[in-house]
Amino acid sequence: MLDILHQYGVMFLIGSWPNGPIGGFAATLILAGLGLTLSFPIAVVLGLARLSPIKPVRWAASAWVIAFRGVPLVMIIFWAYFVVPLLTGTTVPAFLTALCAIVAYESAFLAEIVRAGIQGLPGGQTEAARASGLSYAQTMRHVVLPQALTNMLPSLVNQFVSTIKATSIVYVIGVNEVTFAAQQVNSIELTHALQTYLILAGFYFAACYALSQLAQGLERRLAQRRLGLA
Amino acid sequence: MLEFSNVDKWYGDYRALDGINAQVAAGEVVVVCGPSGSGKSTMIRTVNRLEPIQGGVIRVEGRDVHDRGCDINALRARIGFVFQQFNLFPHLSVRENVMLSPVKVGGMRPDEAEALARELLEKVGLAHKIDAMPANLSGGQQQRVAIARALAQRPPILLFDEPTSALDPEMVGEVLAVMKQLARDGMTMLVVTHEMGFARDVADRIWFMDQGRILEDTTPQAFFTAPAHPRAQRFLSDVLRTDDVTGAMVPAGQMAPAAHAARCAA
Amino acid sequence: MAFDFAFLASGNYGALILGGVLTTLRLFASSWVLGFIVALLLVGLRGVPLRPFQWLISLFIEYHRNVPTVVQIMVWYFGMPQVLPREVRLWLNHGDTEFLFALIALSLNVSAFMAQDILSGVRAIPATQVEAARSVGLGAFSALRYVILPQAIRMAVPPLVNRSLILFKDTSLAMVIGVGELTYQVRAIENLTFRSFEVFAVATGIYLAAALMLMAAGATFAKRFPADFRS
């Protein structure tokens, strides 16, 4: 296994860059990171919409969330592969198509995290803010969201872990990330499939385990801070 | 200053407020007391529209609070509200908690607001805690900061919803002391509380509520010595107790004179 | 662009979709049952006070939580035959190896998550329950079986319902090794007819319907078996 790692390690990490587009695990992390970052503003709007007192807004947001949480990511990717070129009128690189699919997919999950974060605050916070004359927007901006976003941090890190794992399927439309790299290595080293795929698993494991530990640490620090100990 | 006219409120079929008619004049201190579930907290929360009403009118400085067309944020800025659970903003320091409304709603300049914050925190005895975070303060300290926060709005009237009910007994005194000083300074106050000693010392009037109605609206002296309504009489006998040594009636929550003397000597 | 759904009823296509749905359901049901059994085993074994044992269980759970499901499927399907003896490999090739390895991978994957969900339910039970169980004379295993687990599983219902939904969606990943479930058939029909929209729409509708049914079933179950046993 070590010689496969030695020989193809760079391919696993960054694909065929600089002789080609950036690939491998670097591409995985870029795709996941970009997807989550672009999805977050949409998710905040959706999360607030889910809590809106205006019924049509609430229903529309709920419909979006249920739709993207109920359909497998692989179907959403096929949809994106079909729809995105239609919308833009030109051919779109697979990476961008996958990015669109991931942004839409993650927006639903992040919206739920935002909603839970806002609902997790004691009702007295909103009351105290409104009672002192702050408007809805001011209350959200100065009192609710700052606290909710901090409380959401561990969930957001966990969602980043989920997104990294989710990117493993985008190779089916030709995106050059680490699972694609593993397929390429396997097609060269036909008799060492187990080692190849275990190395692939290892990359994901290292990153995701480290991030999960970070999330747990954040959770502990937040709990301590709430008790006034930190 | 504050006027209730035929105010009614229902939660579904349950009548929470039943024909409330009462006034608080400028500079008056009114204490609202009564058994649990009598509607006292509900009533005070309708004044700044934290709760809606289904009938009647509530006017603050002549303006209808529940009028859909009025600017509720501007109106709320004219009403100071102190909660039972303090509800300080935990992610902001004491200074920022007090400055938030004057700056964001009142349009005050930050340096002016800071000076105001210092002055008010001095008044409640917490100037030295101006940079602390709420989580590092005791309950009594948090409530005093909450009072300063309400005062920072420079409101003509202050509402208190059971301000000491969530405090450990030894901290009740420090908060009541601040409230008594405010009363002496001429602030208009409507206070829902179980602290009968406070009522006796500083209230101009007492409203006794039961089952959503104001049954008694009278002076403290009249209320404590000769309550008219039988329900009020029962309430007082539950709340007051006899001093073990002297046999005098003492408000519960206040130490009996003999016991107090013993404590001081120790 | 004209959309014509009628073609799906004609010829083979309807049968392909139906076959896909049935395979999806088969894969989902069998991985769920197998996964739940393994999860209960893991929860039971968590009580054994042997350090290397606990370390192995933690490794199992962490591996299945941190490695993507599709990669786990690949490790089983592409990697396992390499280490199996030749006779076993030949025997496997006679049957539906793709389905089998997808089943194994999905079962073990979901078992790790289910075990953690149940364990968090166990942790939520106050220690006083264990004390009470022991003081009426129940041994450690009996206490677990009659007092702790019934309560823990009820508390674990919401995360377990969520996990079931995720498992249902994960069956679509089996398409990468050629299992003929719904998404695989969708791709196949698309390649044959180039009618992407219609066939995607039908499959999406089926997945959404299944998701809504699972969520409704979960809600009914949670109401019928509430965590605080209030009837």
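Protein chains in written order, with the numbering used here: chain A, 871 to 1100; chain B, 19 to 284; chain C, -4 to 226.
Ideal placement from N, C-alpha and C gives every residue a C-beta, glycine not left out.
Enclosing alpha helix (DSSP H) for residue i [first to last residue]
i       : result
C/T215  : 191 to 219
A/F948  : 943 to 958
A/R1095 : 1063 to 1096
B/K27   : Segment 20 to 29 is the beta strand (DSSP E) holding B/K27; no alpha helix (DSSP H) there.
C/L22   : 8 to 40
B/E188  : 187 to 202
A/I1034 : 1015 to 1036
C/F55   : 46 to 61
B/T243  : 238 to 243
C/V78   : 75 to 78
C/F0    : Neither: C/F0 is in no alpha helix (DSSP H) and is coded neither H nor E.
Residue i vs residue j beta-carbon contact at 8 Å
i       : j      : result
A/P942  : C/Y179 : no
A/F1030 : A/L980 : no
B/L68   : B/V42  : no
A/A999  : A/R939 : no
C/D165  : C/L101 : yes
B/G158  : B/M189 : yes
B/V112  : B/V163 : yes
B/A34   : B/G52  : no
B/L139  : B/A145 : yes
B/D235  : B/R223 : yes
B/D26   : B/G55  : no
C/F31   : C/L40  : no
A/L921  : A/I983 : no
Within-8 Å CB hit, residue i to chain A
i      : result
C/L168 : yes
B/Q161 : no
B/H109 : yes
C/E176 : no
B/R223 : no
C/Y58  : yes
B/F178 : no
B/D262 : Confidence at B/D262 is low in this model, with a pLDDT of 47, below 50, so the placement of that residue is unreliable and no value is reported for it.
B/P70  : no
B/R94  : yes
C/P221 : no
Contact with chain B by residue i, beta-carbon distance below 8 Å
i       : result
A/R1090 : no
A/R920  : no
A/V914  : no
A/A998  : yes
A/S1002 : yes
A/Q989  : no
A/P923  : no
A/S1005 : yes
A/Q1094 : no
A/P1024 : no
Cutoff 8 Å: residue i Cβ touching any chain C Cβ
i       : result
A/F948  : yes
A/R872  : The question names Arg, but residue 872 of chain A in the sequence shown is Leu. Not an interface residue.
A/F1030 : no
A/V944  : yes
A/F952  : yes
A/L1070 : yes
A/S1082 : yes
A/N889  : no
A/A1063 : yes
A/C1078 : yes
Beta strand (DSSP E) segment containing residue i, residue limits
i      : result
B/R33  : 32 to 42
A/I892 : A/I892 -> no beta strand (DSSP E), and no H or E assigned at all.
B/L208 : 206 to 210
B/M227 : 223 to 228
B/R127 : Element bounds for B/R127: n/a, residue is neither H nor E.
### Query
Quick one: any contact between the segment 205 to 214 of chain B and the segment 46 to 53 of chain B, if contact means 3 or more CB pairs under 8 Å?
A contact is defined here as three or more CB-CB pairs under 8 Å, and the segment 205 to 214 of chain B meets this definition with respect to the segment 46 to 53 of chain B.
### Message
Does the segment 1017 to 1031 of chain A come into contact with the segment 121 to 131 of chain B, if we say contact requires no fewer than three beta-carbon pairs (one atom in each stretch) closer than 8 Å?
### Response
Taking 8 Å as the limit for Cβ pairs, the verdict is that the segment 121 to 131 of chain B does not touch the segment 1017 to 1031 of chain A.
### Near-chain C residues of the segment 1038 to 1053 of chain A (beta-carbon distance less than 8 Å), N- to C-terminal order
Taking 8 Å as the Cβ-Cβ cut-off against chain C, the residues of the segment 1038 to 1053 of chain A that qualify are S1038, I1039, V1042, T1049, A1052.
### Message
Under 8 Å: do the segment 61 to 77 of chain B and the segment 88 to 100 of chain B share three or more Cβ pairs, one atom per stretch?
### Response
Yes, the segment 61 to 77 of chain B is in contact with the segment 88 to 100 of chain B.
### Task
Return the residues of the segment 194 to 205 of chain C that lie within a Cβ-Cβ distance of less than 7 Å from chain A, sorted by chain order.
Listed by position along the chain: F195, A198, T199, Y202, L203.
### Message
Three Cβ pairs or more, each shorter than 8 Å: is that satisfied between the segment 949 to 968 of chain A and the segment 84 to 99 of chain C?
### Response
No contact exists between the segment 949 to 968 of chain A and the segment 84 to 99 of chain C.
### Task
Pull out every residue of the segment 135 to 159 of chain C whose Cβ sits closer than 8 Å to any Cβ of chain A, in chain order.
Residues: none.
### Message
Using a Cβ-Cβ cutoff of 7 Å, what residues of the segment 119 to 134 of chain B are near chain A? List them in chain order.
### Response
Of all residues in the segment 119 to 134 of chain B, only S119, K122, V123 come within less than 7 Å of chain A when Cβ atoms are compared, listed by chain position.
### Message
Does the contact criterion of 3 or more C-beta pairs under 8 Å hold for the segment 95 to 109 of chain C versus the segment 126 to 144 of chain C?
### Response
Judged by Cβ distances under 8 Å, the segment 95 to 109 of chain C makes no contact with the segment 126 to 144 of chain C, as fewer than three pairs qualify.
### Query
So does the segment 180 to 200 of chain C actually touch the segment 147 to 166 of chain C, counting three or more Cβ pairs closer than 8 Å?
Result no; under three Cβ-Cβ pairs closer than 8 Å.
### At least three beta-carbon pairs within less than 8 Å, the segment 60 to 79 of chain C to the segment 1061 to 1081 of chain A
Verdict: yes, contact present.
### Query
Quick one: any contact between the segment 889 to 907 of chain A and the segment 1037 to 1053 of chain A, if contact means 3 or more CB pairs under 8 Å?
Proximity of the segment 889 to 907 of chain A to the segment 1037 to 1053 of chain A meets the contact definition, three or more beta-carbon pairs being nearer than 8 Å.
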